[in-house]
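For what it's worth, UniProt numbering labels the leading residue of the sequence shown as 1, then goes sequentially.
Note that CB positions come from ideal geometry on N, CA and C, so glycine has one too.
Data first, discussion second: the structure below is written as structure tokens.
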Amino acid sequence: MAKKRNNRQDAIREIVRDKDIRTQRMLVDELREYGFECTQATVSRDIADMGLRKLPEGIYVLAEDLHLQRMVSELVVGVQRSDNLVIVKAQPGTASGIAAAIDGAEMPDVLGSLAGNDTILVIASTAEDGERFEGMISKLRSVRK
1 MAKKRNNRQD
11 AIREIVRDKD
21 IRTQRMLVDE
31 LREYGFECTQ
41 ATVSRDIADM
51 GLRKLPEGIY
61 VLAEDLHLQR
71 MVSELVVGVQ
81 RSDNLVIVKA
91 QPGTASGIAA
101 AIDGAEMPDV
111 LGSLAGNDTI
121 LVIASTAEDG
131 ERFEGMISKL
141 RSVRK
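Shown next as structure tokens:
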């Protein structure tokens, strides 16, 4: 049972990072597409276990991404991608803190990051992973406090 729960929670992590999930029902429907048949009560327990939070805009976010979301929404000024390489432009002097938050989020698609003064180079595993990371950063940028 624990193995299935862990697999489901891994799927939830991926879904929440890739999509704007606003309700438990939406999450149940997305999990169904991943091959998990579960009830809303099960998803509710997973949300509590994982410490998912809702942003003021009503979108679920992972607890470990909340710090990253705050930094990105306040400090990132742009994001560009070339294949598996993503450049994140930030306010002067803030790149190392943002890179630390990216590393702290422990995203499976990200191999690592390098930071200068106002630029972070994020290296993703594949071009698809780079595209997914770019999309996530763009989504977090659009969320304002």
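Burial is judged here by how many other beta carbons sit within 10 angstroms of a residue's own beta carbon; S82 has fewer than 16 and is exposed. The Cβ atoms of V86 and R141 do not sit closer than 8 Å to each other. C-alpha of S113 to C-alpha of E128: approximately 17 Å in a straight line. Using a Cβ-Cβ distance cut-off of 8 Å, the stretch 34-47 and the stretch 3-18 are in contact, since at least three pairs of beta carbons, one from each stretch, lie closer than that value.
Secondary structure at I120: strand, using DSSP grouped into helix, strand and coil.
Contact between D118 and P92 holds: their C-beta atoms lie close to 5 Å from each other, under 8 Å. If one requires a minimum length of 4 residues, the alpha helix (DSSP H) runs lying completely within the UniProt domain "Arginine repressor C-terminal" (73-137) are 95-104, in chain order. A Cβ-Cβ separation of about 6 Å places A95 in contact with G116 under the 8 Å criterion.
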